[in-house]
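Position one of the sequence shown corresponds to residue 4 (my numbering), numbered consecutively onward.
For every residue, glycine included, the Cβ atom is placed at its ideal position computed from N, Cα and C.
Note that this is a predicted model, so its numbers are computed, not measured.
Written out below as structure tokens is the structure these notes cover.
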Amino acid sequence: MHAPLSAADPEVAALVQGETERQHDTLRMIASENYVSRAVLAATGSVLTNKYSEGYPGKRYYEGQRFIDPIEELAIARAKAVFGVEHANVQPYSGSPANLAVYMALAKPGDTVMGMALPMGGHLTHGWSVSATGAWFRAVQYTVRKEDGRIDFDEVRDIALRERPRLIFAGGTAIPRTIDFPRFAEIAREAGAVLVADIAHIAGLIAGGAHPSPVGHAEVISTTTHKTLRGPRGAMLMCDERHAKAIDKAVFPGLQGGPHNHTTAGIAVALGEASKPDFKVYAHQIVANAKSLATALLEHGFDLVSGGTDNHLILLDLTGKGIGGKPAARALDRAGIETNYNTVPYDTRKPFDPSGVRLGTAALTTRGLTESQMPQVASWISRAVDAALKDDEPALTTIAGEVRELLSTYPMPGRH
Ligand code: DSN
């Protein structure tokens, strides 16, 4: 019980060490990932994992909460301060349970709900058919324009006024452009719907002032805590005071049991970090890096959905390169560049073998990379795609070596 992991379970320890080195040596460009700080790691890997705390601060169903309550209260207070919201619930286990709690709080099974279609950049839980939210609710979905990959607000308004959804979700997983929350709010008001801003991808950008906030426009805001916000794997729901009770009841006891207190502590630490001036610098650097990378990729002849980016995310459409997203992502991985294959709007290929690759700059910005390295990153991506087309495995190995060499001078939090 007292031995360190390396002595107690060398098999697991070796795998954790392997993953640590992989993360250190790889250009991590999955748009939903990041590196947390040593402090967030310490809070997350603490004895708080031992504690059960069903309920909320001051109203628990278990004893022994004198340190847990202040931790959750701190996380709530920091969320309210960072995002400027009236109410925050820091207990959802992750993004999908958080969104499910919004449905439970504000809609009834069978109600009409509206979100961006998954292949257009939306999220499963915004009513996509294979999700419980698509099966248990009557979901209607909006798209993006074929010509420019942008949300077509005329279409959003038409659907909303025709279908009168109970909820409208704004946000998603592959949206490279600024989300116009005021425009969504106007449509939601006209249609009598509740606007839910799912800011999972852009929460850190909002906290750092690098993306407009949905506060004052969306009645409910849902976010994960581990993407650009750079906290542990978890989620939060934020809302106006008038929805607070319903949201809290939906999270617990509606959908969940005991909150993961170690995660709550990690969220509190991450929010503390996000409230510091250097987080603003970080958030703006993420966007600067993405824009610089997009420019360089365009110079290499890549097609980018919507022609570029306003945030941390770039969606490559590889159709013109003559390679699918999956073989490209696999080749990039062998070249030390970690991405995910992704559908592009109006994809003619299947979701498990789509035309796109999604890239993000949150993690490499945490490592310390800036605009000056982005042409090099674009060049590696281009060389790796060319190598994949020619089945040139040695070229991929060479790129992986170059990536490793660059990253060796950028420390990774939590490695030593
Ligand atoms: N984790 C989300 C993402 O990768 O964007 C999907 O749920």
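Runs of the beta strand (DSSP E) lying entirely within the stretch 206 to 256 and spanning at least 3 residues, in chain order: 223 to 227, 238 to 242. Residue side-chain check: Asn343 places its Cβ nearer than 8 angstroms to a non-hydrogen atom of the ligand DSN. Around the beta-carbon of Lys329, 16 or more other beta-carbon atoms lie within 10 Å, marking it buried.
Taking a contact as a CB-CB distance under 8 angstroms, the pair Pro95 and Trp139 does not count as one, their CB atoms being some 18 angstroms apart. Gly118: member of the beta strand (DSSP E) spanning 115 to 119, first to last residue. Burial state of Asp161 is exposed, judged by a 10 Å Cβ sphere holding fewer than 16 other Cβ atoms. Rounded to the nearest angstrom, the Cβ distance from His265 to Thr47 is 5 angstroms, consistent with a contact under 8 angstroms. Shown here for Asp350: same chain residues with a beta carbon closer than 8 angstroms to its own, the five before and five after excluded, namely Pro122, Pro357, Ser358, Gly359 in chain order.
Counting only residues of its own chain and dropping the five nearest sequence neighbours on each side, Ser134 has a CB closer than 6 angstroms to the CB of Leu127, Thr128.
For the options Thr298, Pro414, Glu396, Ile209, the alpha carbon positioned closest to that of Ser375 is the one of Thr298.
Taking the Cα of Pro256 as reference, the smallest distance to any Cα among Gly58, Arg165, Ser40 is reached at Gly58.
Comparing alpha-carbon positions, the option among Cys242, Glu66, Thr231, Pro262 lying closest to Thr52 turns out to be Pro262.
Here the alpha carbon of Gly417 sits roughly 8 angstroms from the alpha carbon of Val39.
Look at Lys329 here: in three-state DSSP terms it is helix.
CA-CA distance, Leu307 to Pro235, rounds to 30 angstroms. Considering only Ser278, Gly125, Leu335, the residue with the shortest C-alpha distance to Ser385 is Leu335.
If you look at Gly275, you'll find it in the alpha helix (DSSP H) that goes 264 to 277. Note that the stretch 282 to 289 does not touch the stretch 146 to 166; fewer than 3 beta-carbon pairs, one per stretch, sit closer than 8 angstroms. Pro73 and Ile79 have their C-alpha atoms some 10 angstroms from each other. For Asn37, the secondary structure class from DSSP, reduced to helix, strand or coil, is coil.
Thr29 counts as buried, since at least 16 other C-beta atoms from the protein chains shown sit within 10 angstroms of its C-beta.
Of all alpha-carbon atoms in Ser382, Gly137, Arg333, the one lying nearest the alpha-carbon of Asp394 is that of Arg333.
Under the three-pair Cβ rule at 8 angstroms, the stretch 190 to 208 counts as touching the stretch 309 to 328. Non-local beta-carbon contacts of Glu76 in its own chain, meaning distances under 7 angstroms to residues more than five positions away in sequence, involve Pro60 in chain order. Taking C-alpha positions only, Leu362 is separated from Ala34 by approximately 5 angstroms.
One thing to note: Val93 has its Cβ within 9 angstroms of the Cβ of Ala82. Among the bridge pairs identified by DSSP, Leu307 is matched with Leu319. Listed in chain order, the non-local C-beta contacts of Leu8 below 6 angstroms within the same chain comprise Ala16, local neighbours out to five positions each way being set aside. Only residues of its own chain outside the window of five on either side were considered, and among them Arg167 have a CB closer than 7 angstroms to the CB of Gly195, listed in chain order. Beta-bridge analysis with DSSP links Gly174 to Asp201.
Straight across, the Cα-Cα distance linking Ile209 with Glu405 is about 33 angstroms. Around Ser56, the same chain offers Arg63, Tyr65, Gln68, Ile71, Gly261, Pro262, Asn264 as residues with beta carbons nearer than 7 angstroms, after the five sequence neighbours per side are excluded. Rounded to whole angstroms, the Cβ separation of Ala381 and Leu296 is 6 angstroms, and the two are in contact under 8 angstroms.
By the CB criterion at 9 angstroms, Ala247 and Glu89 fall inside the cutoff.
Taking 3 residues as the minimum length, the beta strand (DSSP E) runs contained wholly in the stretch 144 to 195 are 170 to 174, in order along the chain. Here Ala101 is buried. Its C-beta has 16 or more other C-beta atoms within 10 Å.
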